[in-house]
Every structure is written in C-alpha cells, then in structure tokens.
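A.B. asks: Residue 64 in our numbering sits at position 84 of the sequence shown; the count goes up by one each step and never skips.
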Amino acid sequence: MNRNREFQLHIVCFCHASEEAFAAVAYVRGHARRSLSFSIIAGKGKVARAKRIPIPRLELDAAVEGAKLKAYVEKAFEQELNFASSFLWIDLRTVMCWLTLRTGRFSQYVTNRLNLILDYSTLNQ
-19 MNRNREFQLH IVCFCHASEE AFAAVAYVRG HARRSLSFSI IAGKGKVARA KRIPIPRLEL
41 DAAVEGAKLK AYVEKAFEQE LNFASSFLWI DLRTVMCWLT LRTGRFSQYV TNRLNLILDY
101 STLNQ
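If you want it as structure tokens, here you go:
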C-alpha cells in the first residue's frame, strides 16, 4: 500500500437497523489528490429477535456492532496500514442524543450499550 503523505486512508463504519435485522459494514476510504477509492473490508449482521423491539433499540444494537467492528478493523490492520482517521456513522438521531447526553435516566439496557459503544469508539468519531 502506498504510504505517500498525499495518500490517506480512513476507516468508515456504517450501521443500520430495521425491524427484521441490524448490521454494520466497515470499509476503507483512500484518497490521493483527485482520486478516491473505497473497499469493503468487513461486515456483520444479525437477525432481529422474534419479539418486537423498538427501532431505536435495534439501532443502538447496530451501533454497538459498528463500534466493535471499527475497533476490530483498526487492530487487525494497525501493523500494515496507517489510518488518518476513523468514523462511525449512526443513522438514528436518538442514538446520537443518548450518546451525547449521557446524563439522562436511561434503562440498564440502554446504559450498557452506550458504555460498550464508548469503550470501542469516541464521540468525535
């Protein structure tokens, strides 16, 4: 892999949930001057439980999987590649509010998952 200063690599992890399943995908975004390249390098998905669960909770589970996947990719490639940055994209504003507030009275379920996300990632990502 080109280690030129003008060539930068970034890890991007996107997570999403629906009533049927939730998933996370990690890809590497590389750019140099006027060219971009993207490569999917890992993904994980799970079927949602049979019991009906609200979408915000499923999105929270997806965010946990995304944070874990991002940390896994960073560790797996730390010897070979130098990443300029890493990002975790969560597409539900509720989860972002839970993460930024951190002072609300959340259920144990929500609190545990927020702590897991912050164990593997930061609010800046």
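Beta carbons are placed, not taken as given, at the ideal position from N, Cα and C, and that holds for glycine.
Look at the alpha carbon of Phe(-6) and the alpha carbon of Ile21, and state the distance between them as a whole number of angstroms.
C.D. replies: Cα to Cα, the separation comes out at about 12 Å.
A.B. asks: Mind reading off the beta-carbon distance from Ala171 to Tyr100? Whole number of angstroms is fine, and I expect it under 8 Å.
C.D. replies: Nothing in the structure corresponds to residue 171, since the chain is present only between -19 and 105.
A.B. asks: Do you know offhand how far Met(-19)'s Cα is from Arg85's?
C.D. replies: Because Met(-19) sits at a pLDDT of 47, beneath the cut-off of 50, its placement in the model cannot be relied upon, and the following sentence gives the value as read from the coordinates. Those two C-alpha atoms are separated by around 47 Å.
A.B. asks: Using a Cβ-Cβ cutoff of less than 7 Å, which residues in the same chain neighbour His11 once the five nearest sequence positions on both sides are dropped?
C.D. replies: Correct list, in chain order: Gln(-12).
A.B. asks: Just tell me which of Leu40, Leu68, Asp41 has its CA closest to the CA of Val53.
C.D. replies: Minimum Cα distance to Val53 is reached at Leu68.
A.B. asks: Contact between the region 23 to 38 and the region -10 to 6 is defined here as three or more beta-carbon pairs at a separation below 8 Å; is this criterion met?
C.D. replies: Yes, the region 23 to 38 touches the region -10 to 6.
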